[in-house]
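Asks: After the structure tokens below, expect a handful of questions from me.
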Amino acid sequence: MKKVDPFNLMGPIYSSGPLSRLELARQARVAPSHVSIVVREMIDKGLVIESGFVPSTGGRRSGLIHVNPDAAQLLGIDVGRTNTSILVADLAGKVLAREWFPTRPSQGRESLLGVLHAEVQARLARFPRIAAIGLAHSGVVDPNAGKVLFWPMVEGWKDTPLRAVFEDAYGLEVSVEDRVRAMVLAERRSGNLAGLHNFILVYVGTGIMSAIFVDGHLYGGRNGLAGELGHTTVVEDGEPCSCGNRGCLERLSSAAAIVGRVRAELASGSFSLLVPEGNGSLENISIEEIVAAAQAHDRLAERVVAEAAQHLGIALASVVNLLNPESVILTGKVPQCAGDLLLGPLLYHLRQRAFPKAVEGLSVSVSKLGEEAAALGIALKAGEQVVKTLCRG
Ligand SMILES: [Zn+2]
Numbered sequence: 058m059k060k061v062d063p064f065n066l067m068g069p070i071y072s073s074g075p076l077s078r079l080e081l082a083r084q085a086r087v088a089p090s091h092v093s094i095v096v097r098e099m100i101d102k103g104l105v106i107e108s109g110f111v112p113s114t115g116g117r118r119s120g121l122i123h124v125n126p127d128a129a130q131l132l133g134i135d136v137g138r139t140n141t142s143i144l145v146a147d148l149a150g151k152v153l154a155r156e157w158f159p160t161r162p163s164q165g166r167e168s169l170l171g172v173l174h175a176e177v178q179a180r181l182a183r184f185p186r187i188a189a190i191g192l193a194h195s196g197v198v199d200p201n202a203g204k205v206l207f208w209p210m211v212e213g214w215k216d217t218p219l220r221a222v223f224e225d226a227y228g229l230e231v232s233v234e235d236r237v238r239a240m241v242l243a244e245r246r247s248g249n250l251a252g253l254h255n256f257i258l259v260y261v262g263t264g265i266m267s268a269i270f271v272d273g274h275l276y277g278g279r280n281g282l283a284g285e286l287g288h289t290t291v292v293e294d295g296e297p298c299s300c301g302n303r304g305c306l307e308r309l310s311s312a313a314a315i316v317g318r319v320r321a322e323l324a325s326g327s328f329s330l331l332v333p334e335g336n337g338s339l340e341n342i343s344i345e346e347i348v349a350a351a352q353a354h355d356r357l358a359e360r361v362v363a364e365a366a367q368h369l370g371i372a373l374a375s376v377v378n379l380l381n382p383e384s385v386i387l388t389g390k391v392p393q394c395a396g397d398l399l400l401g402p403l404l405y406h407l408r409q410r411a412f413p414k415a416v417e418g419l420s421v422s423v424s425k426l427g428e429e430a431a432a433l434g435i436a437l438k439a440g441e442q443v444v445k446t447l448c449r450g
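Below you can see the structure in the form of structure tokens.
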């Protein structure tokens, strides 16, 4: 009989939720009798539990195998430009505690490292069963090297070996990952994407980034950098971008681009509900106000949001043609705030440009978890190594 690595059985339960023994056998391509033996061992180790049943279609009901939530606790930290989110979750992904603190990048590298250490130490004191730490980070992250390659907010940050620093300090498993690639792991666990194998999470906030799942695995590419959708060219001779290219999607459809476009048009005298009253400054106009104005049929706001959606739809048509996903989930401030106002024109242009066969049955929706998915996703990623060790130990 084919001997199976227990993690090959445990992996799908950990990443996407409870499964029956029969389904585990099917996914790992091993005999159900062998699965029963391995599941027994894992129940004895306290790594999984049996609870509830698969909906019956007649015959014997089969039990569902879950991750044992009490087998370990995980710490997830999402380091954002303005705020940092920190949470403790059990091994099944249930959030036990969640807090926020200001990131204050202007205070420099040593100050930020000091704050992160203090927050980690406080959680370890309260939750002594934390077995892994995950750091989700904005900017450009190299998950293999465990460090940030580009984050201009703090000088010298890109050279900081974050994973090594935290591993050495606490002797725990540590993962470092881009915050959008971390988000997709929580989306998958939350059930919205459970059972799907090919999908894309598209983050549209201050910047634009995507996370790609292919054949059930997060696609990292050669260096773990895959998914930089924001820096693909949409307008050949467009405006210069911080990445050195021109006409990037991020310069057209991000929250920063939408706000910038509205400000520029107001400054040149366009009529709009958004014209500040009295001494109000154009600098204070937010994406939320622009969306509210568009919902009230302000022409300028409607047009700028629709143009951003159009460029996003065109870019996604290429992605859908390339990868043929089952689902596209949109997350971040722009889709979360604009909803159907964005989805309508986006879907129109996506359908116009992509292969009809690739769009048929494709689900495009807005995430219910939003930005909060990053801290949970990175905690779950960090926990994967803990599960591997427990499975094989
Ligand atoms: Zn760019």
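My numbering puts the first residue of the sequence shown at 58, with every later residue one more than the last. Glycine included, each C-beta is placed from N, C-alpha and C at the ideal position. It should be emphasised that the depicted structure is a prediction, and the values quoted were computed from it without experimental measurement.
1) Using 8 Å as the Cβ pair cut-off and three pairs as the minimum, do the stretch 215-233 and the stretch 245-260 touch?
2) Let me make sure I understand the geometry here. Which of Ala395, Leu306, Ala175 and Gly165 has the alpha-carbon closest to that of Phe158?
3) When you get a sec, list the residues whose CB is within less than 5 Å of any heavy atom of ligand 1, chain order please.
4) Can you tell me which of the three DSSP states Cys394 falls into?
5) Tell me, please, whether the stretch 409-419 touches the stretch 377-392 by the rule of three or more beta-carbon pairs shorter than 8 Å.
6) State the beta-bridge partners of Gly277 as determined by DSSP.
7) So for Thr446, helix, strand or coil by DSSP?
8) Run through the DSSP bridge pairs and tell me what Ser454 is partnered with.
9) For Ala128 versus Leu104, is the C-beta spacing smaller than 8 Å?
10) What is the DSSP secondary structure of Glu212, reduced to helix, strand or coil?
11) Just the Cα atoms here: how many angstroms apart are Ser375 and Asp294?
12) State the DSSP-derived secondary structure class of Lys425, mapped to helix, strand or coil.
13) Compute the beta-carbon to beta-carbon distance between Leu81 and Ser119, rounded to the nearest angstrom, for a pair I have assumed lies under 8 Å.
14) Kindly indicate which three-state DSSP category Val385 falls into: helix, strand or coil?
15) Look up Ile38 in the DSSP assignment and give the residues it is bridged to.
16) Does DSSP classify Val61 as helix, strand or coil?
17) Using 10 angstroms around the beta-carbon of His194, count the other beta-carbons present and answer buried if the total reaches 16, otherwise exposed.
18) Please determine if the stretch 164-180 and the stretch 262-275 are in contact, where contact requires at least 3 C-beta pairs separated by less than 8 Å.
19) Going by other Cβ atoms of all chains shown within 10 Å of its Cβ, with 16 needed for buried, is Asn140 buried or exposed?
20) Helix, strand or coil for Ala431 per DSSP?
21) Measuring alpha carbon to alpha carbon, tell me which of Gln178, Ser232, Leu282 and Glu345 ends up nearest Ser311.
22) Report the rounded CA-to-CA distance for Val423 versus Gly396, giving the unit in angstroms.
23) Output the boundary residues of the beta strand (DSSP E) element that contains Ser329.
24) Looking at Leu148: is its Cβ nearer than 8 Å to the Cβ of Val124?
25) Quick check on Asn140: does DSSP put it in helix, strand or coil?
26) Would you mind reading off the limits of the alpha helix (DSSP H) that contains Asp225?
Replies: Result, derived from the coordinates:
1) The stretch 245-260 and the stretch 215-233 do not touch, with fewer than three beta-carbon pairs separated by less than 8 Å.
2) Working through the sequence shown from its first residue, we reach residue 158 at position 101. Nearest of Ala395, Leu306, Ala175 and Gly165 to Phe158, Cα basis: Ala175.
3) His288, Cys298, Cys300, Asn302 and Cys305
4) Mapped onto the sequence shown, residue 394 falls at position 337. In the three-state reduction of the DSSP assignment, Cys394 falls in the helix class.
5) yes
6) Here residue 277 refers to the residue found at position 220 when the sequence shown is read from its first residue. Gly277 pairs with nothing; no bridge assigned.
7) Here residue 446 refers to the residue found at position 389 when the sequence shown is read from its first residue. DSSP places Thr446 in helix when its eight states are reduced to three.
8) For residue 454 there is no data in the structure shown, the boundaries of the chain being 58 and 450.
9) Counting from one through the sequence shown, the residue named residue 128 turns up at place 71. Counting from one through the sequence shown, the residue named residue 104 turns up at place 47. With contacts defined by Cβ atoms closer than 8 Å, Ala128 and Leu104 form a contacting pair.
10) The residue given as residue 212 occupies position 155 in the sequence shown. Here Glu212 carries a coil assignment [DSSP, helix/strand/coil].
11) Taking the sequence shown and counting its residues from 1, the one referred to as residue 375 is at position 318. Taking the sequence shown and counting its residues from 1, the one referred to as residue 294 is at position 237. Roughly 19 Å separates the two Cα atoms.
12) What you label residue 425 is simply residue 368 of the sequence shown in a count that begins at 1. If DSSP states are grouped into helix, strand and coil, Lys425 belongs with coil.
13) In the sequence shown, the residue the question calls residue 81 occupies position 24. In the sequence shown, the residue the question calls residue 119 occupies position 62. Their Cβ separation, rounded to whole angstroms, is 10 Å, which puts Leu81 and Ser119 out of contact at 8 Å.
14) Within the sequence shown, residue 385 is the residue found at index 328, counting from 1. Strand, per DSSP.
15) Summary: the structure shown does not reach residue 38, with the chain confined to residues 58 through 450, and so no result is reported for it.
16) Position 4 of the sequence shown, counted from the start, is the residue given in the question as residue 61. In the structure shown, Val61 sits in coil (DSSP, three-state: anything other than H, G, I, E or B).
17) Numbered from its first residue, the sequence shown carries residue 194 at position 137. With 16 or more Cβ atoms within 10 Å of its Cβ, His194 is classed as buried.
18) The way I'd put it, the stretch 164-180 doesn't touch the stretch 262-275; fewer than three beta-carbon pairs between them come closer than 8 Å.
19) Numbered from its first residue, the sequence shown carries residue 140 at position 83. With fewer than 16 other Cβ atoms within 10 Å, it is exposed.
20) Position 374 of the sequence shown, counted from the first residue, corresponds to residue 431. Ala431 falls in the helix class under three-state DSSP.
21) Position 254 of the sequence shown, counting from 1, holds the residue named residue 311. The candidate whose alpha carbon is nearest that of Ser311 is Glu345.
22) Indexing the sequence shown from 1 puts residue 423 at position 366. Indexing the sequence shown from 1 puts residue 396 at position 339. For Val423 and Gly396, the distance between alpha carbons rounds to 7 Å.
23) Locating residue 329 in the sequence shown gives position 272, where the first residue counts as 1. That residue, Ser329, is in no beta strand (DSSP E); it is neither H nor E in DSSP.
24) The residue given as residue 148 occupies position 91 in the sequence shown. The residue given as residue 124 occupies position 67 in the sequence shown. Contact: yes.
25) Translated into positions along the sequence shown, residue 140 becomes position 83. Looking at Asn140 - three-state DSSP - the assignment turns out to be strand.
26) Counting from 1 along the sequence shown, the entry for residue 225 is found at position 168. First-last of the alpha helix (DSSP H) with Asp225: Leu219 to Tyr227.
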